[in-house]
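K.L.:
Structure provided below as structure tokens; questions to follow.
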Amino acid sequence: MLLTNFFIISKLLLLQLLAVVVKVVAVVVVEVVVEVVVVVVEEEVLVVVIVVMVVVVVVVVVVVFVVVVFVVVVVVVVGVVVVVVVVVVVVVVVVVVVVVVVVELVGVVEVVVVVVVAVVVVVVVVVVVVIKSSSSSSSSSSS
């Protein structure tokens with residue numbers, strides 16, 4: 097019975113998480129489109145690089161989403177602290193890689209700002225989901 101409840105709760109969490117991730121991706125895409133419009137007015141060459149950056153940001157969001165799904169599944173078995181540490185390490189590594197790649201490719205401050213904003217949003221989503229999943233799993237185990 098407890099296992100069934102856990103699976104129901106995890107499915108609900110995954111649905112909520114999917115909705116949040118879709119919203120985050122939409123926000124990131126809108127921000128990047130605005131950046132592309134601004135840059136097209138200034139320099140046409142950077143459009144290709146920014147499109148590459150969009151792909152990178154979306155890949156980052158997907159990777160973090162997969163990590164969070166893994167977290168939701170594993171959090172009860174391993175414990176919250178270990179999972180939070182793993183997620184933070186993964187997110188930090190991804191942030192560093194994305195920022196370094198974008199700075200190497202473009203060197204444009206605005207583009208880096210877009211990436212940083214997107215990554216901050218993703219980190220907040222991950223933290224919220226981990227907190228929600230840990231609180232719901234602890235409440236389900238206490239009942």
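First residue of the sequence shown? That's 97 in our numbering, and the numbers climb one at a time after it. Glycine included, every Cβ here is placed at the ideal spot set by N, Cα and C. The structure displayed is predicted, hence computed values, not measured ones.
When the Cα atoms are used, what is the spatial distance from residue 159 to residue 222?
P.N.:
Within the sequence shown, numbered from 1, the residue matching residue 159 stands at position 63. Within the sequence shown, numbered from 1, the residue matching residue 222 stands at position 126. When rounded, the distance between both Cα atoms is 11 Å.
K.L.:
Evaluate residue 116 with the Cβ neighbour count: other Cβ atoms within 10 Å of its Cβ, from every protein chain shown; 16 or more gives buried, anything less gives exposed.
P.N.:
Your numbering for residue 116 matches position 20 in the sequence shown. Result: buried.
K.L.:
Could you round the C-beta distance between residue 156 and residue 190 to whole angstroms and report it? I think they count as a contact, below 8 Å.
P.N.:
Here residue 156 corresponds to residue number 60 of the sequence shown, with the count starting at 1. Here residue 190 corresponds to residue number 94 of the sequence shown, with the count starting at 1. Residue 156 to residue 190, Cβ: 5 Å. Contact.
K.L.:
Can you have a look at residue 162 and say buried or exposed, based on whether 16 or more other CB atoms are within 10 angstroms of its CB?
P.N.:
On the sequence shown, position 66 is the one that residue 162 refers to. So residue 162 ends up on the exposed side.
K.L.:
Among the residues of its own chain, which have a CB less than 6 Å from the CB of residue 228, if the five just before and after it don't count?
P.N.:
What you label residue 228 is simply residue 132 of the sequence shown in a count that begins at 1. Closer than 6 Å at the Cβ level, and outside the excluded window around residue 228, lies no residue.
K.L.:
With 16 other CB atoms within 10 Å as the buried threshold, where does residue 220 fall?
P.N.:
For the purposes of this step, residue 220 is taken as residue 124 along the sequence shown, with counting starting at 1. That one is exposed.
K.L.:
In or out: residue 216 buried (at least 16 other Cβ within 10 Å) or exposed?
P.N.:
Reading the sequence shown from its first residue, position 120 is the one you call residue 216. Label assigned to residue 216: exposed.
K.L.:
Give a yes or no on whether the C-beta atoms belonging to residue 165 and residue 214 are separated by under 7 Å.
P.N.:
Counting from one through the sequence shown, the residue named residue 165 turns up at place 69. Counting from one through the sequence shown, the residue named residue 214 turns up at place 118. Result no, Cβ atoms of residue 165 and residue 214 do not sit closer than 7 Å.
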